[in-house]
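The structure under discussion appears below in the form of structure tokens.
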Amino acid sequence: MSSKKSNKPLKSGLFLVDKPRDYASHDIIVLTRKALNVKKIGHSGTLDPMASGLLLLLVGREATKQQDYFLKQPKTYRALLQLGAETDSWDAYGEETAVMPVPPLTLEQILAATRELTGEVEQPIPFYSAKKIGGKRMYELARNGHEMERRYNTIQIYHWQDVRLVSPTQIEFTVVCSCGTYVRALGWLLAQKLGTTGHLCELRRLKIGELDVQNALDGALIKESTPGAIYSRLIDVPGTPAEENHDA
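For any residue, its number in my numbering is found by taking its place in the sequence shown, counting from 1, and adding 3.
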């Protein structure tokens with residue numbers, strides 16, 4: 004029997020990961036690269052460390068060729084907005100920068116505010132974001148105390164769903180939005196519309212296009228997973244044939 008290793012083709016496709024809170028998206032990508040011993044792994048949009056939920060990884064050269072397509076897919080998030088306290092990052096991991104009273108609110112008032120934030124929205128970009136200015140990421144400049152002018156981008160908010168006033172100072176909502184949306188910025192805008200300020204204390208990505216986090220592997224299990232177990236979970240993408248294994 005020959006002892007020569009088989010040049011079995013490596014499958015190329017989509018790997019759905021449920022990123023746990025407190026993990027960096029890059030950590031999940033690095034773990035997957037190590038587990039599979041591959042170099043080509045793309046993604047369809049990272050998540051902040053505070054956020055959990057669907058991280059879509061594209062494994063192999065043929066899959067990564069379609070990265071732009073998946074980056075542009077609508078995203079669905081579930082979030083919890085804390086009213087009355089603003090942080091520098093507009094999420095729970097930032098430093099508190101402002102406190103404002105929260106007026107008595109009704110669900111009808113909140114729904115009216117979400118309607119004003121539906122369709123094309125001019126969104127402020129958080130200072131603590133990966134957006135680059137002069138080759139430097141904004142969060143690096145912010146951490147080093149650099150003064151920055153507020154920058155904006157135009158996004159699309161398609162739907163607000165299951166909006167709930169869970170306490171006098173907390174609003175829970177699901178939003179379907181375009182690529183480029185910072186949900187923490189959207190939460191801050193919603194708080195402004197309601198006459199106060201706020202920050203996100205929970206954020207979870209539920210879907211990317213029609214791909215659902217319910218079908219994803221818990222990211223904390225990647226270290227314990229074999230290459231075969233991960234490859235068995237890959238979703239085929241049209242136009243992504245198996246690739247020749249040059250590492251055998």
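We put the CB at the ideal spot given by N, CA and C, even for glycine.
- Residue pairing from DSSP places Trp163 in a beta bridge opposite Val178.
- Here the stretch 216-223 makes no contact with the stretch 95-106; the two share fewer than three CB pairs at distances below 8 angstroms.
- The C-beta distance from Leu57 to Asp21 rounds to 7 angstroms, short enough to fall under 8 angstroms.
- Nearest C-alpha to Thr90 among Gly198, Gly190 and Ser15: Gly190.
- A Cβ-Cβ distance of about 6 angstroms is found for the pair Arg208 and Leu50, placing them in contact under the 8 angstroms criterion.
- Sorting Leu108, Tyr80 and Cys182 by C-alpha distance to the C-alpha of Gly87 places Leu108 at the top.
- Counting C-beta pairs with one atom in each stretch, the stretch 24-43 and the stretch 155-164 have fewer than three that are closer than 8 angstroms, which means they do not touch.
- In this structure, Ser47 lies near Leu59, with their beta-carbon atoms less than 8 angstroms apart.
- With respect to the C-alpha of Ile233, the residue from Asp239, Ile225 and Asn156 having the closest C-alpha is Ile225.
- In this structure Leu17 is not in contact with Val179, their Cβ atoms being roughly 20 angstroms apart against a cut-off of 8 angstroms.
- Asp221 sits in a strand when the DSSP states are folded into three classes.
- Around the CB of Lys37, fewer than 16 other CB atoms lie within 10 Å, so the residue is classed as exposed.
- Boundaries for Glu89: no alpha helix (DSSP H) harbours it, while the beta strand (DSSP E) harbouring it runs Ala88 to Thr90, taken from the DSSP string.
- Residue burial is scored here from C-beta neighbours: Thr157 has fewer than 16 other C-beta atoms within 10 angstroms and is therefore classed as exposed.
- Taken in chain order, the whole beta strand (DSSP E) runs of length 3 or more contained in the stretch 37-87 are 44-46, 55-62 and 78-86.
- Of the residues assessed, Val169 falls on the exposed side of the cut-off, its CB having fewer than 16 other CB atoms within 10 angstroms.
- In this chain, Val20 is not harboured by any alpha helix (DSSP H); it is covered by the beta strand (DSSP E) spanning Gly16 to Lys22.
- Residue range Pro230 to Tyr234 is occupied by the alpha helix (DSSP H) that includes Pro230.
- Under the DSSP assignment, Lys226 falls outside any alpha helix (DSSP H); it carries neither an H nor an E label.
- If you draw a straight line from the Cα of Tyr80 to the Cα of Gly231, it is about 31 angstroms long.
- Collapsing the DSSP output to three states places Arg187 in a helix.
- Straight across, the Cα-Cα distance linking Tyr155 with Leu192 is about 12 angstroms.
- Judged by beta-carbon spacing, Leu203 lies within the 8 angstroms limit of Ala95, meaning their Cβ atoms are closer than that value.
- For Ile211, the enclosing beta strand (DSSP E) starts and ends at Gly201 to Ile211.
- When rounded, the separation of the alpha-carbon atoms in Pro77 and Glu125 is 17 angstroms.
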